[in-house]
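First residue of the sequence shown: 351, per the working numbering; consecutive thereafter.
The structure appears below as structure tokens.
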Amino acid sequence: MDSPTETESAGMPSSFFSKKHAIPERLYRWFSWAGAYAPLLMLFFAILLIGSLSRTLLVAWQFDRVTETSVWPSIFLHGLRVDLIMAGMAVAPLVLLLPILGNRFCWIVWKRLTGLWALIFFFGFLFMELATPTFIAEYDTRPNRLFIEYLKYPKEILSMLWQGYLPNVAVGVLFCILLTGLFTWLMKPWSRETDPGSYRKAILVWPIVVLVVFISIRSTTGHRPANPAMFALTSDVLVNSLIINSTWSVAFAVYNLKHEGNASDKYGDMAMSEILDEVRSVPWLSRTEFNSKSFPTLHNQIPIKNRPRPLNLVIVLEESLGATFVESLGGTPVTPRLEALKKFGWWFENLYATGTRSARGIEAVVAGFLPSPARSVVKLSLSQTSFFTLGELLKRNDYDTGFIYGGEAHFDNMRSFFTGNGFDTIVDQHDFLNPAFIGSWGVSDEDLFTKTHEDLQKLHASGKPFFRLVFSSSNHSPFEYPDNRIEQYDVEKNTVNNAVKYADYALGEFIDNARKSDYWKDTLFLIVADHDARVWGDELVPIKNFQIPGLILGADIESRRIKTITSQIDLAPTLLSLMGISSKHPMVGRDLVRFPDEPGRAMMQFNDYYAWMDDRYNVTILRPDKVPLAGMYSRETRATQYLEDAPDETTTRKVLAHALLPLILYRKQAYALPE
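Next comes the structure, spelled out in structure tokens:
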């Protein structure tokens, strides 16, 4: 071992070159005894400090919701456990490298490597915690998979942050710079350290350190290491997310991306034959023949009414237009034009979305595909070609097919999915000449519908049947829309209520123009939301935020109220029946023309939870690696009361079959039309 330096002989660490009582040196004295392990300890405890402080501030912010749960006040102990996992991950690579680099021969390399690593990890962890309040304000949960997915769309996201959250972002960036600078300052004594300490002692304690770090990361003696589902201790998703930290939340989401094809396996196991028996046994499929081994849900659908010429189809997918904005569905009265139209067609009083993201709504409405805990098939690689959509089916029936969007079609991977699965024409923001208004997410809904109306007139004049999917975007944060169009519901202009009212105005104008046009009598229109707006609340699965309006009108459609519980996946089979198209397809949704009175059901994917609600409002919720929950949903209180007893085995098997099937079909590429 080296002889002590002069400073050590005086009873001081060799790194003390500045004033005797300087803060960095005094802090470093607490860790200098650890020799080569000193920066690892500093980083380890810095992660614990930041995680605990951030959680404390977030709990104070959401105090009312936290105190209503059973996890209060033990949330801090559970949170410390999660922070220990993250701190262990932070130092693990350095611990493994210490036997190689933690000696006098590699001392300079070790100091620089550990100093840089600590600085980078500290910055990343701090950045994620400072970004958390803004993310919670938008999505009511900590950063998760969406945080990663939306990094692919910097233009839209930066524009939304600039317009809607600029003060939050500015303060977060400032604090991130200041605190990272403070950490760099506190690490300076380590950069001046000249004594590596005893290498022999470092190696002797190394196995113990490795074991401690391993225990810290694994955090359980169970057969599986800790995961976010272990900390889902309440029925409030936000509170569950406060227990963990944002870096681990996002890191776990990234890790799971490569396991998406098996994501639903955490709900339970069933043989494929049993899954198919359950899915095929629903009343509207029980007498159907399934003859394809390659495509196990492929079957024939024959409409009740034959038409000499099948109708054209226009689907208007309204961004974030949930029932919470429709007065007759119990919401805020900001959709008067839509409400006025319901007397002219089929109005859905009990329609539920399958998810809370646009891509999920697209896969349900356009492909009739069941939801899963993985990303929507709009984004997954194996579904970019040879995947069933209405576009592909109608294209094979000689329809002109297309997608019209006011933003950029690459968002959410829509362009790739549509062009690979039957859509001939893609129109997006770049195809609008001299639009009247451009916001963060593209041209206004008025511009969108003006172009759509022009397109439909040309298509009708050509004599060829057509299908157009039209996707609005004005009702999206930061809620920008043209002036002097509506009487504002809120005094402040850029609010969600005003944006919805503008979107409703633009939709009403479009339908008024369409009803006066030649193509109206030959065209079926579906107006439906992709999902509700921001999903808030303290429920495990906020069912009230899954209800959406739906309206089918046009051609010879008569007024009708659809009171049965309906899912988005039921819309496509119903449309084909109303259009008069005989088809073969893999959709398992219900044709409401042929089966109007069968008991309905809705399936809803929310984060890692899969909810099923039957026509009596019995709710079953599947949870990763946990027993299912049973509950009752009340339309009066718009809340779910969970029961002590688990759901019965028959119900659980039915729900599990529907939850497992979609990703099996995806993996096997078995949700398509035969060549």
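All C-beta atoms in this analysis are idealised placements derived from N, C-alpha and C, irrespective of residue type, glycine included.
Option in Val727, Leu701, Gly680 with minimal Cα separation from glycine 611: Taking only the C-alpha atoms, the option nearest glycine 611 is Val727.
Can you tell me whether lysine 502 is buried or exposed, with buried defined as 16 or more other CB within 10 angstroms of its CB?
Result: exposed.
Where does phenylalanine 768 sit, in a helix, a strand or coil, going by DSSP? If DSSP states are grouped into helix, strand and coil, phenylalanine 768 belongs with the helices.
Beta-carbon separation of alanine 717 and phenylalanine 738 under 8 Å? Cβ atoms of alanine 717 and phenylalanine 738: closer than 8 Å.
Give me the DSSP bridge partner(s) of tryptophan 962. As computed with DSSP, tryptophan 962 is found in a beta bridge with Met953, Thr970.
Could you tell me the alpha carbon to alpha carbon distance between glycine 522 and leucine 511, rounded to whole angstroms? Separation of glycine 522 and leucine 511 (C-alpha to C-alpha, rounded to the nearest whole angstrom) is 12 Å.
Query raised in the report: Do you know how far the Cα of serine 736 is from the Cα of glycine 312?
Result: This structure cannot speak to residue 312, because the chain is shown only from 351 to 1025.
Distance between beta carbons of valine 684 and valine 878, contact taken as under 8 Å:
For a cut-off of 8 Å, the C-beta gap from valine 878 to valine 684 is around 17 Å, too long to register as a contact.
Q) Alpha carbon to alpha carbon, how far is alanine 440 from alanine 579? A) Their Cα atoms are separated by approximately 21 Å.
In the segment 414-498, which residue ranges form an unbroken alpha helix (DSSP H) of at least 4 residues, counting only runs that do not cross its ends? If we require 4 residues or more, the alpha helix (DSSP H) runs fully inside the segment 414-498 come out as 425-451, 457-489.
> In chain order, what residues of the same chain lie with their CB nearer than 8 Å to the CB of lysine 505, ignoring the 5 residues before and after it?
Replying inline: Excluding sequence neighbours, lysine 505 sits near Glu758.
Start-to-end residues for the beta strand (DSSP E) that takes in histidine 810: Here histidine 810 belongs to no beta strand (DSSP E); instead the alpha helix (DSSP H) covers 795-812.
Pairwise C-alpha distance: leucine 516 and histidine 371: Confidence at histidine 371 is low in this model, with a pLDDT of 48, below 50, so its placement is unreliable and the value that follows should be read with caution. If I take the Cα positions, the gap works out to 40 Å.
Q: Report the residue ranges of all alpha helix (DSSP H) runs contained in full by the segment 862-897; include only those spanning at least 4 residues, in chain order.
A: Taken in chain order, the complete alpha helix (DSSP H) segments of 4 or more residues contained in the segment 862-897 number zero; there are none.
*Under 8 Å between C-beta atoms of glutamate 543 and lysine 616*: Cβ atoms of glutamate 543 and lysine 616: not closer than 8 Å.
With DSSP collapsed to three states, give me the class of valine 666.
Residue state, collapsed to three classes: strand.
- Figure out for me which residue from Ile776, Trp467, Met620, Pro949 has the closest Cα to the Cα of phenylalanine 753. Selected option, being the one with the closest Cα: Ile776.
So what does alanine 989 bridge to, in DSSP terms?
Looking at the DSSP output, alanine 989 sits in a beta bridge with Ser984.
field: Option nearest lysine 808 by Cα separation, candidates Ala786, Leu942, Tyr869, Asp795
entry: Each of Ala786, Leu942, Tyr869, Asp795 was checked against the Cα of lysine 808, and the nearest Cα belongs to Tyr869.
Taking its Cβ as the centre, do 16 or more other Cβ atoms sit within 10 Å of arginine 951, making it buried, or is it exposed? Of the other Cβ atoms in all chains shown, 16 or more fall within 10 Å of the Cβ of arginine 951; this residue is therefore buried.
Among Ala576, Leu398, Val715, the one whose alpha carbon lies nearest that of methionine 937
The residue from Ala576, Leu398, Val715 with its alpha-carbon nearest to that of methionine 937 is Val715.
| task | Enumerate in chain order the residues of its own chain whose CB-to-CB distance from glutamate 908 is below 6 Å, with the five nearest sequence positions on each side excluded. | result | Contacts found: none.
**Asked** Looking at leucine 942 and aspartate 920, is the spacing between their C-beta atoms short of 8 Å?
**Response** For the pair aspartate 920 and leucine 942, the CB atoms are nearer than the 8 Å cut-off.
Check this for me: beta carbons of arginine 495 and isoleucine 594, under 8 Å apart or not? Not closer than 8 Å, so no.
Report the residue from Ile898, Ser548, Val563, Ala690 whose alpha carbon sits nearest the alpha carbon of tryptophan 383. The residue with the shortest Cα to Cα distance from tryptophan 383 is Ser548.
TODO: Give me the Cα-Cα distance between phenylalanine 767 and glutamate 499, rounded to the nearest whole angstrom.
DONE: Near 16 Å, if we compare the C-alpha coordinates of glutamate 499 and phenylalanine 767.
If you reduce the DSSP assignment to three classes, tell me which class phenylalanine 816 lands in. Annotated three-state conformation of phenylalanine 816 is strand, per DSSP.
- Task: Could you check the C-alpha separation between serine 636 and aspartate 964 for me, to the nearest Å?
- Result: Answer to the nearest angstrom: the Cα atoms are 18 Å apart.
Isoleucine 665 and leucine 876 - do their beta-carbons sit closer together than 8 Å? The Cβ atoms of leucine 876 and isoleucine 665 sit closer than 8 Å to each other.
How would you call valine 977, buried or exposed, if buried means at least 16 neighbouring beta carbons within 10 angstroms?
Under this definition valine 977 is an exposed residue.
query: With 16 as the cutoff for other CB atoms within 10 Å, does serine 733 come out buried or exposed?
result: Under the 10 Å beta carbon count, serine 733 is surrounded by 16 or more other beta carbons and is classified as buried.
With distances taken from CA atoms, which of Ser614, Met954, Val891 is nearest isoleucine 915? If we check each option's Cα against that of isoleucine 915, Met954 comes out closest.
*Which residues bound the alpha helix (DSSP H) around leucine 743?*
Here the alpha helix (DSSP H) through leucine 743 covers 740-746.
Note down, one range per segment and in chain order, each alpha helix (DSSP H) of at least 4 residues found wholly within the segment 568-599. With a minimum length of 4 residues, the continuous alpha helix (DSSP H) runs that stay inside the segment 568-599 are 587-593.
key: Bridge-paired residues (DSSP) for isoleucine 912   = Answer is Phe698.
query: What do you reckon, are the CB atoms on leucine 857 and glutamine 651 nearer than 8 Å?
result: Between leucine 857 and glutamine 651, the gap from beta carbon to beta carbon reaches 8 Å or more.
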